[in-house]
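Number of protein chains: 2
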Amino acid sequence: MTRSSTIKGDSPVLNPQKLIQEERCKSKINIDQINTFLESSPERRELTHRLIDEVVNDPILKTETSYYDQTKSEERENTARKIARLSLYMEHDIKEVRNRFRDTDLIKELQTDGNGKVSPLSNRDLSIFDKRLSLVANIDPQLGTRVGVHLGLFGNCIKGNGTDEQIRYWLQERGALFIKGIYGCFAMTELGHGSNVAQLQTRAVYNPDGDTFTIDTPDLTATKWWIGGAAHSATHATVYARLIVNNKDYGVKTFVVPLRDPATFQLLPGISIGDIGAKMGRDGIDNGWIQFRNVVIPREFMLSRFTKIIRARDGCVTVSTEPQLDQISGYSALLNGRVNMVMDSFRFGSKFATIATRYAVGRQQFAEKKGKPESQLIDYPLHQFRVLPQLAVAYLVSPASFKLMDVYYVTLEELYRASASTNGSRDENALKLVSKKLKNLFIDSASLKATNTWLVAQLIDELRQSCGGHGYSQYNAFGKGYNDWVVQCTWEGDNSVLSLTSAKSILKKFVDAGTRGKFDVNLDNDSFNYLDPSFLMSVLTGQESTDLDELTDYTRIWAVALVKIMNHVARQIEKTRKIDGVSSLLVMISKFHALHYMLKVYHDKLNSPDSHVTDTKSKESLWNIYKLFSLYFINKHSGEFQQFKIFTPDQISKIIQPQLTQLLPKIREECIPLTDAFQLPDAMLNAPIGYFDGDIYNNYFNEVVKNNPAEPDGAGKPRYHELLTTMLKRGYEFDERLGGAANAAVLARLAK
Amino acid sequence: MTRSSTIKGDSPVLNPQKLIQEERCKSKINIDQINTFLESSPERRELTHRLIDEVVNDPILKTETSYYDQTKSEERENTARKIARLSLYMEHDIKEVRNRFRDTDLIKELQTDGNGKVSPLSNRDLSIFDKRLSLVANIDPQLGTRVGVHLGLFGNCIKGNGTDEQIRYWLQERGALFIKGIYGCFAMTELGHGSNVAQLQTRAVYNPDGDTFTIDTPDLTATKWWIGGAAHSATHATVYARLIVNNKDYGVKTFVVPLRDPATFQLLPGISIGDIGAKMGRDGIDNGWIQFRNVVIPREFMLSRFTKIIRARDGCVTVSTEPQLDQISGYSALLNGRVNMVMDSFRFGSKFATIATRYAVGRQQFAEKKGKPESQLIDYPLHQFRVLPQLAVAYLVSPASFKLMDVYYVTLEELYRASASTNGSRDENALKLVSKKLKNLFIDSASLKATNTWLVAQLIDELRQSCGGHGYSQYNAFGKGYNDWVVQCTWEGDNSVLSLTSAKSILKKFVDAGTRGKFDVNLDNDSFNYLDPSFLMSVLTGQESTDLDELTDYTRIWAVALVKIMNHVARQIEKTRKIDGVSSLLVMISKFHALHYMLKVYHDKLNSPDSHVTDTKSKESLWNIYKLFSLYFINKHSGEFQQFKIFTPDQISKIIQPQLTQLLPKIREECIPLTDAFQLPDAMLNAPIGYFDGDIYNNYFNEVVKNNPAEPDGAGKPRYHELLTTMLKRGYEFDERLGGAANAAVLARLAK
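Respectively, the protein sequence lines represent chains A and B.
When you line the first sequence up against UniProt numbering, it's residues 1 to 752, in that order.
When you line the second sequence up against UniProt numbering, it's residues 1 to 752, in that order.
Right under this line is the structure:
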């Protein structure tokens, strides 16, 4: 029932609440088991729900529909308020991991190493907070990013490039990791350079006399640009700048540069900062620009894990670098973001899939026959085709995102261990191995980031359209959701550039495997199993069947496609000696790699006891989702599947499309429970047409009225009404009272 | 040179200005001739440029980058101010057409019919203002819509459904057509019903005693919703409501209902109005909701061209309707919007194509080899593939949009003439003919509206991404442009619904032509020439070649595709007896119909003297654009082209894709002149990375700085800085000054 209007809330013809409730009554699947599958494990699931519950009930952190009415400056201020709130949770979460709420100022101990009383901070200590932040980032993306730039980019830049002591100092002792003491930003991108990091123009010139660097912006295009946190928040920046020693350019390195006095918040001398202003979305982030004029920092502020300035006793200065590691770790600050964006793809996707599916079930429009009740949107095959594959996207991202996250943490841990010097020397074999693993992780994360951020951008857009006009209201989440989302396709690695880079690496592996039988079972069997030379051979000699009999076939067919397309591409390059000519096929390879990865990980998980799904009907639904995902994208890419002769035109007509058509109504049967299984509370959806109770019209009406109270001059009478009444009453030219002078009498007088 | 910073504006490595200028120097095409082609004729071209010049220099109407920083309430107020300004231009433009600026209050004469001194208002009188409004709608879309709802929807609803006298009274005498006296809104959509107009629930019950109607909102879902102008501006509404006479429901008819007193702007009794609030875009439009409680209007306020209440002398009341015409004209209010949206597709498309192409030429990133200057984005084949087909889209929409507009005006004129009764009777033959023409116009406008609004949504998104991070800044127009644009895919006919409707009509024509040889050369030869039975036969018997030798072939191939797909679809329906199962193919048919229409109209115009292109090089470029458009969409739909055996997989690999690959570098050569040829001034682009001079970085920097002055507390120090400094300085639990009580000493005391 509506609270905002006394008009009858119940319609004789429309009852979305009942329609949605009926779906739940007749459901045969177990949404708790499915939720455990989606949340990766029972423990992780429990934590997810607890954290969501805390966040959506926190008086500062919770997000209501009024969120959509904030101006940019309100968004900026409210986001800062939320960060201050999160900083308290940060301490709380670390204490919880260690179960230390009494008798010790644990944070202070960690900051000072506690004279050995506390063990040093580890990833485990941050496990609860990291998850909290990931969830917060999906409830309020601008908040997630604004604090994520500090913890993720600034923090990881120091972790990836700093010495152990530098890491300890900046992140623990100074308190950055606890969102305390200092606040960081990540000053990489410049006005004139984004993707091409190696060509950044900001300079860091070493001064042997003072043992310092001078940081300098040589010209306007070298202005640091888009720097999140720079406009209003950051006291320090990790600055990417060209290291110049004795007039020699050593390329781009990283430096910690103080920007503001943390006490007074005044800008330091030589620092010019401005606000980047309005963006398409995420206006709560204070992106800024920075120019450096003769800013001097001590030598020790250069992050020196892999690059060092060495001063000999004779005053001679040399630079030592470890180029390969340097490069890997240089980019590792961005890895975290990419991995997180895949997780975001799951959460964002599931949110909009829930809203649109509930709306599709509750909304009726047009009757099949006169006199019959109007049909639910979801019962139109076209609507099923628009909505249900998007639901499948949300499902398929989940296992892949958890897997990628796990691999990321394990690999980074290995890198830190291997690159930490013991008595000045390192374990070169361990380093070699981890650098190979890192390369694979770069490929997987790049192609999954690009593919999934694109998929979810399409998902939001497609699902918004499927909600008709009501999807265009800000209060139903799609508008801001889309605007906040799409930057993920551009930042921290432009999707096209990432796709090209990862595809080139995959192609190189393909050529190595095909021509030299190079394939490392231990390293590559996970995400690159399609490069196994025996599989390559069987595809290229036409031995590989394209039947879709077994469940594995829905994954394998993508492996077949990858091999055939890469074979074509390799020949093209051989013929033309140019790789640029095939670049749109390279983007396709990266996408197919990601789709294959998602299908494989989903398949393997669902097939193992680790799925925690024992209920037969639930498992069947989950396999249907898996098949739908594969078939939907085969159909979407049927151009490539036919062109590269994976399927004939008749197979598309007689196998793929009929299977797809038959699958949709099956999934439709359980579509409400399948979205309920995401278990997203209304407060996280923040979109009244998608709330759990299905009371679409009353919920939506109430939120609109709550956020738009009557005007002070009278309901419906705007403050600026005189602009309109003056217009409606006009007639200035011929009306003498208004000074008119164009009528015949006046003109006659004037002509005299 | 930048005005906002003394830092060096010239970079030693980047010089976009020079790069863009060079393109112009080496160009061999004639942009004036091309602009004439794009603007349809020399006269229309001249008018376009004059009107743009007036609008972008008008102190109230002009739009600068500060536009992107407005809050919702500023947008609302500024839009109202601009409407008041436009109302003056409206009078001026009518006077100009008649060249009557002296001695007569022409508007007042028109309002009172001037005792025969002036001829009645015609479409010609509005020709300048309509064009002005169309241009304004592309400079400031929310303004275009807010006034367009009044003139287009409210006005056309009365024109389409009112008697001659009703039209004269509301639109002329009361002044609505002059944006004077009254201001209208179009109250069709309800909370519970959008596309299914026939099921709207608002009631208009006839009261025989008082000879009045009572307008009533029976329940919440019948609340009028999304009504543009309702929240703040409209004094009157055309309300779609069920006509109930003697308890009998005659279906949905239209009524003029007063909402506000035009003098005091207070809501009238029984009218409840609220603001719909924040939207994804176009927040300058005051969309509102309306509930009617026992609102009484005279019988004469029902629009009665085709439906009349007839009171016999004995008091007996009957209803007379002309069902077919009633329905046609009921929807005709929406026709104008659809036709305009195709024109908008051209203007919006050309705007973003200009911005992104200039950026692609001026922006450099990554060098081919070390030491070489970085390459321009446009020289990457992938970038050409992303940008240039979008440029072709903008070109191809143009001739189609002018053609559709012309057909619309001619057909509507015919309808008014044929449906005007002379001595109580109508020319039934003329009515029959015009109703057939109207049906074709419905098909063409529906499929062109749906296809082009979708194409341009993709165009904006794709081109924004091609501009990387700078595309995400509001000041570069893409964000607001996209948000404003995408509602065009939903309103005034949801794209999916429109596509299905038009495809079903096309399919019916196909079946009629195929089985009964039904084909009307006079009516159908223009946009349905592919239904000519002899052509059908030659396609279906495999006689039609698929070579791309002649220029016509690039259009004809789409005709072949249409026939083959429809043949498949017709067979499917025959087999399954269900049309719903093929609905995604129906959407495809509508799209292909639109693409075919665009290619055909472009081809025919360019091939005729009417193109005004005499220069050979220019013509060659225009033909290349034409080929690119066709090839790009064949490649995009290569799945369908292979599945329905228009092309074999090898033809895609060996003909289509190589032709496409060879064409792109040719078009790249003239891409700057080809965008200059749109002749859009900077003030209309309103996006500094796309300004004519190509000084991308300085222009962009200046606009950002201008719109984001330093904070009052000191540059870079936000008003809310204490939220942050308090956070950074915290340590509340163990610090006794802050009331901490968790340290050992205090705990010991507390335990005592």
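A virtual CB, placed ideally from N, CA and C, is assigned to each residue, including glycine.
Cβ neighbour criterion (16 or more within 10 Å) applied to residue i
{"i": "residue 748/B", "result": "exposed"}
{"i": "residue 18/A", "result": "exposed"}
{"i": "residue 1/B", "result": "Bear in mind that a pLDDT of 44 at residue 1/B, under 50, signals an unreliable position, so the number given afterwards is only what the model happens to contain. So residue 1/B ends up on the exposed side."}
{"i": "residue 5/B", "result": "buried"}
{"i": "residue 545/B", "result": "exposed"}
{"i": "residue 577/B", "result": "exposed"}
{"i": "residue 286/A", "result": "buried"}
{"i": "residue 410/B", "result": "exposed"}
{"i": "residue 406/B", "result": "exposed"}
{"i": "residue 628/A", "result": "buried"}
{"i": "residue 458/B", "result": "exposed"}
Option in the options with minimal Cα separation from residue i
{"i": "residue 522/B", "options": "577/B, 440/B, 609/B, 241/B", "result": "440/B"}
{"i": "residue 253/B", "options": "73/B, 242/B, 142/B, 169/B", "result": "242/B"}
{"i": "residue 343/B", "options": "301/B, 396/B, 307/B", "result": "396/B"}
{"i": "residue 141/B", "options": "723/B, 714/B, 684/B", "result": "684/B"}
{"i": "residue 466/A", "options": "487/B, 692/B, 169/B, 437/B", "result": "487/B"}
{"i": "residue 263/B", "options": "726/A, 536/A, 285/A", "result": "726/A"}
{"i": "residue 360/B", "options": "372/B, 381/B, 371/B, 345/B", "result": "381/B"}
{"i": "residue 134/B", "options": "177/B, 212/B, 51/B", "result": "51/B"}
{"i": "residue 760/A", "options": "711/A, 635/A, 534/A", "result": "Only positions 1 to 752 of chain A appear in this structure, which leaves residue 760/A out of reach."}
{"i": "residue 671/B", "options": "608/B, 599/B, 25/B", "result": "25/B"}
{"i": "residue 176/A", "options": "189/A, 156/A, 192/A, 188/A", "result": "156/A"}
{"i": "residue 498/A", "options": "445/A, 185/A, 91/A", "result": "445/A"}
{"i": "residue 250/B", "options": "198/B, 615/B, 228/B", "result": "198/B"}
{"i": "residue 56/B", "options": "529/B, 117/B, 145/B, 138/B", "result": "138/B"}
For residue i: DSSP bridge partner residues
{"i": "residue 248/B", "result": "245/B"}
{"i": "residue 291/B", "result": "272/B"}
{"i": "residue 473/B", "result": "279/A"}
{"i": "residue 297/A", "result": "213/A"}
{"i": "residue 144/B", "result": "Beta-bridge pairing links residue 144/B to no other residue."}
{"i": "residue 799/B", "result": "Limits of chain B in this structure are 1 at one end and 752 at the other, which puts residue 799/B out of reach."}
{"i": "residue 134/A", "result": "Partner(s): none; residue 134/A has no beta bridge."}
Interface partners of residue i on chain C, CB under 8 Å
{"i": "residue 191/A", "result": "This model lacks chain C altogether, as its protein chains are A and B."}
Cβ separation of residue i and residue j, assumed to be a contact under 8 Å, to the nearest whole Å
{"i": "residue 587/B", "j": "residue 496/B", "result": "6 Å"}
{"i": "residue 660/B", "j": "residue 635/B", "result": "6 Å"}
{"i": "residue 129/B", "j": "residue 93/B", "result": "4 Å"}
{"i": "residue 393/A", "j": "residue 349/A", "result": "6 Å"}
{"i": "residue 273/B", "j": "residue 231/B", "result": "7 Å"}
{"i": "residue 70/B", "j": "residue 279/A", "result": "Not quite, the Cβ-Cβ distance comes to about 15 Å (not below 8 Å), so this is no contact."}
{"i": "residue 347/A", "j": "residue 716/B", "result": "At roughly 33 Å, the Cβ-Cβ gap does not stay under 8 Å, so residue 347/A and residue 716/B are not in contact."}
{"i": "residue 333/B", "j": "residue 471/B", "result": "About 36 Å; that fails the 8 Å criterion."}
{"i": "residue 354/A", "j": "residue 37/A", "result": "No, residue 354/A and residue 37/A are not in contact; Cβ-Cβ is about 16 Å, not under 8 Å."}
### Within 7 Å of chain A by C-beta, residues of the region 703 to 721 of chain B in sequence order
704, 705, 707, 708, 714, 715, 716, 717, 718, 720, 721
### Message
Please identify, using Cβ separations under 8 Å, the residues of the region 487 to 501 of chain A that lie next to chain B, in order along the chain.
### Response
487, 489, 490, 491, 494, 495, 496, 500
### Task
Report the residues of the region 635 to 647 of chain A with a CB closer than 9 Å to any CB of chain B, ordered along the chain.
635, 636, 637, 638, 639, 640, 641, 642, 643, 644, 645
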